[in-house]
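Protein chains in written order, with this note's numbering: chain R, 405 to 1062; chain V, 1114 to 1548.
Structure follows, in structure tokens:
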């Protein structure tokens, strides 16, 4: 069905173009064209090259005057081709040579130390509660064995190893090679299943992303001041007034794989096939300007691109977790420090043991991307204007959550009995994208006495879902409130530049989880890993020299609860009208993922009474008693800054424009 | 030897009449100052070329900065015949209709009774402490671009004055629209739907080069001068309209030697400056007939229009002729102590109330910038401009004498309502145009 949609969209655009051509084109009308070629090479401390991206982009636009009943009929498009050579140049890190054999912690286990030597870590697929135990003739329940021949100890990393040690917590093996080299963990249909060419050439995919934009537009005059403006095609629709993070700018999903949160949103919004209609009242009543916009996104739903397990840009390292879990479900996996040794009869052993899980016990089973059907299209309205010099908007949008939620409650195998059923509090999931209603608004205004512009956005959503270890299915729905306050001021800093002011732009983002749940349990807290209230502050200081051909800037961001931040100084040199060189650093500061931990559901007792702990008052009752670790939910508390703590980079971008 | 003309001599008479109401004779004298003859300076005849060798002879016919430029050999000035730049008859008639009805308010930036035309057509008087303010009002409500106009296109070049290297070329479209005090094109005298009582709007769109393509600027100026302008900037790479703080209108615009406040000579509120009338002089101003100049051949135009060429030191000077004209010397110094300049000295063309020459001084009081806006007669320009009664801004040069750098501008000014529909001047248009 979704291919039909694409075909319909492309066919519609093509038909419109053909219709325009058939109506004749005046010889004086010319295409407005522009573009660039660019190489972006980034070097990451400890990893080597993290990006060697070569991009060619071509933009075209042409106005045809009055056509098809529309004034100012215009056709516009943007084509982009990207080749990221990092998967070839640094294939030991990101390509077919990435990863390797890995061992998994048996924290404090004397048995494991005796068996495996060294620090007692056991190789993938060779856990005492698993294949190694079985090989030694011990009775191992059926849910703790997997076929290592089909799921070998190669091409792996330990989940989170680039950021932290296991610290006695759970970790999982992550296949990190592109999916054509290693298909493990790539079985979520059309989700996080990139092969090498998908990674090398991200624009050339089934969604035809090399067509960044292709749309037709025109207006129907309705008065001196008013008109109806229509646009249809593949496009970006931008709501909101903020930089870096989004509150209202949620219509297009975002490709974080391109460069995490750091590229301009213009370059990482994923264009969608949409129709927009906008009635421009002009000046009316007490409003200097008033517009009503309706947006209909009739494209197949696409979530944010969070990257690929093992890839260089993998926001929150979420894709690694997803891939590891999908491999667990399909092929089985080793999980470190999963069970106390005493729980399996090694009563003299005070440590924790890794476990080999069989397929179909834990993990991520499937992804439920909404099918294309009329009822699954997305849309909304915006009323925007200027009233007494204050810019404002009121927004409503109905859409699918662009970040995934893991819903438990799927049928899975009881590791101890082999019974297939739905087990409360079992970490066996499907990926879902629930429907969300957003109600929001924004303001901008100028305060003359302090020569400052303020920007405000706020959004209240209903229907979002986040993880919750208190819930039997390990997720729950909550209303969310997000806001941002921005402040812009141009300020002279005479000792740095006497003739050109610096732009100082600060923003504070806030997020409040309205239905937040967090409870103290015997071994720690359980509930929602997201902070109930969190704030991220950003600061941009930008200057210009030499007729604006040299522009140094520093961007700083700080996540209050995560205690983590980024400092990104750079210099943009416009060598000529054609050549531009951008050199910069991106340095992470503060805490990292290792400083965060949360209930990891080792003590969720999904298979009572087998998985009950002494802390469970009723061993036949599932539910977490709160034992925590860094993985897997510490990433939600570390946020996008803390979870990228090991991504200090030196970045060089050279662009030729034409 | 330089000889004061009858025009300068009339200054004393005007001074005695400072507190008197303007008369019809004042109107005639204001709009047709050359009706009974043009100013003269001994030896300065049409065709004379001023250069480093002879400029001392004509020092009083040049403003101090231009004199120094010629003296230093940066430019030679060709003198043209002084001609009348008659403004549109409707504007003159509106001035007559308003005679005796306009007065200054109690504080800077207030005016009473103004409908249209030139608010204060009488000669300024040195005895009138608010004479400078009246001249500033005449400029603000001048017929500078008529009721609307477009510079379509508009090439800016950033130049190293020492090497002559063109560092950057930016292609714009500029659009101007008066919402109120209109005299010629419907609706007259104002648009009905104008809830914030905007007086004027300026809309700027960058066409080239790629890095700033689709950058757009929109300025809304209120009729109440004491209300701050609303200014928005659309950045193509962000696809977002940003409100601009006023600090950004006194900052370099897109890296050029101009600040937004420099546009048209002065592009700000009257109430942001203290205004002082410093006297009346006859000096050379860049007024000429565009079609009679030797024009540039390095810029293509689909309609065959040719832009003014540039030469002199670093290519920073328009290759045009200059007319000896009556000017009012008007000084403006910022109310805000943090403003990056200490003052501007405007040489106001007495007939058109355009600002063809402005000298800008830094906070220390040293000359910083020398600002020239060439004025072309509408009847010797594009055919569509003929008879519009608009003194066409046609070429500019902003020289940063301290940095030895300049920005030059080459205009295709078009007085054409079709290019300036009111819909163009909205925030929403910026979003739609910017993709």
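All C-beta atoms, glycine included, are put in the ideal place defined by N, C-alpha and C.
From the beta carbon of residue i, is the nearest beta carbon of chain V less than 8 Å away?
i	result
residue 440 (chain R)	yes
residue 905 (chain R)	yes
residue 628 (chain R)	yes
residue 928 (chain R)	no
residue 979 (chain R)	no
residue 429 (chain R)	Caution applies to residue 429 (chain R), whose pLDDT of 42 falls short of 50 and renders its modelled position unreliable; the model cannot decide the point.
residue 649 (chain R)	no
residue 479 (chain R)	no
residue 695 (chain R)	yes
Could you name the residues of the same chain whose beta carbon sits closer than 7 Å to that of residue i, not counting the 5 residues immediately before and after it, in chain order?
i	result
residue 932 (chain R)	870, 871, 872, 917, 920, 921 and 922
residue 1542 (chain V)	1536
residue 895 (chain R)	905, 906 and 908
residue 1546 (chain V)	1318 and 1329
residue 427 (chain R)	Note that residue 427 (chain R) scores 47 on pLDDT, short of 50, meaning its location in the model is unreliable; the coordinates nonetheless yield the value given after this. Excluding sequence neighbours, residue 427 (chain R) sits near 471.
Can you tell me which of the options puts its alpha carbon nearest to the alpha carbon of residue i?
i	options	result
residue 950 (chain R)	V:1523, V:1517 and V:1528	V:1517
residue 735 (chain R)	R:618, R:764, R:1019 and R:446	R:764
residue 692 (chain R)	R:760, R:794 and R:727	R:794
residue 1406 (chain V)	V:1333, V:1493 and V:1353	V:1493
residue 1191 (chain V)	V:1162, V:1182 and V:1205	V:1162
residue 1380 (chain V)	V:1205, V:1140, V:1168 and V:1252	V:1252
residue 1394 (chain V)	V:1157, V:1173 and V:1167	V:1173
residue 1141 (chain V)	V:1158, V:1212 and V:1168	V:1212
residue 960 (chain R)	R:538, R:649 and R:457	R:649
residue 1010 (chain R)	R:855, R:830, R:892 and R:1035	R:830
residue 1153 (chain V)	V:1534, V:1175, V:1437 and V:1460	V:1437
residue 1371 (chain V)	V:1486, V:1355 and V:1435	V:1486
What I want to know is whether the C-beta of residue i ends up closer than 7 Å to one or more non-hydrogen atoms of the ligand ATP.
i	result
residue 868 (chain R)	No copy of the ligand ATP appears in this structure; indeed no ligand is present at all.
Could you confirm whether any beta carbon from chain R is found closer than 8 Å to the beta carbon of residue i?
i	result
residue 1408 (chain V)	no
residue 1482 (chain V)	no
residue 1535 (chain V)	yes
residue 1450 (chain V)	no
On the CB-based measure, 16 or more other CB atoms within 10 Å of its CB, does residue i come out buried or exposed?
i	result
residue 754 (chain R)	exposed
residue 1305 (chain V)	exposed
residue 1237 (chain V)	buried
residue 1414 (chain V)	exposed
residue 776 (chain R)	buried
residue 1139 (chain V)	buried
residue 786 (chain R)	buried
residue 705 (chain R)	buried
residue 739 (chain R)	buried
residue 596 (chain R)	buried
residue 1276 (chain V)	exposed
residue 1158 (chain V)	exposed
Sorted by chain position, which residues of the same chain lie with C-beta nearer than 6 Å to residue i's C-beta, five sequence neighbours on each side aside?
i	result
residue 770 (chain R)	834
residue 1538 (chain V)	1290, 1314 and 1316
residue 1042 (chain R)	966, 997 and 1000
residue 863 (chain R)	651, 652, 842, 844 and 886
residue 809 (chain R)	836, 869 and 879
residue 1055 (chain R)	446 and 988
If you drop the 5 nearest sequence neighbours on each side, which residues of the same chain put their C-beta closer than 8 Å to that of residue i?
i	result
residue 1408 (chain V)	1419, 1420, 1421 and 1422
residue 1488 (chain V)	1198, 1398, 1399, 1400, 1401, 1462, 1465, 1467, 1469, 1504, 1505, 1506 and 1507
residue 900 (chain R)	906 and 947
Please tell me whether residue i has its Cβ less than 8 Å away from any Cβ of chain B.
i	result
residue 727 (chain R)	Included in the structure are the protein chains R and V, with no chain B among them.
Contact residues within the region 662–673 of chain R, judged by C-beta distance below 7 Å to chain V: Result list: 668 and 670.
Got a sec: which bits of the region 936–969 of chain R sit with their beta carbon under 7 Å from any beta carbon on chain V, in order along the chain? Those would be 948, 951, 952 and 953, in chain order.
Going along the region 841–863 of chain R in order, which residues come within less than 8 Å of chain V, judged by CB to CB distance? Taking 8 Å as the Cβ-Cβ cut-off against chain V, the residues of the region 841–863 of chain R that qualify are 848, 849, 850, 852, 855, 856, 857 and 859.
Contact residues within the region 1264–1298 of chain V, judged by C-beta distance below 7 Å to chain R: Residues passing the 7 Å Cβ filter: 1271, 1280, 1281 and 1282.
Contact list for the region 1315–1339 of chain V against chain R, Cβ threshold 7 Å: Flagged, chain order: 1322, 1323, 1324 and 1326.
What are the residues in the region 1151–1166 of chain V lying within 8 Å of chain R by C-beta distance? Those residues of the region 1151–1166 of chain V placed with their C-beta closer than 8 Å to a C-beta in chain R do not exist.
Going along the region 673–691 of chain R in order, which residues come within less than 8 Å of chain V, judged by CB to CB distance? Listed in chain order, the positions of the region 673–691 of chain R with a beta carbon within less than 8 Å of a beta carbon of chain V are 682, 684, 686, 687, 688, 689, 690 and 691.
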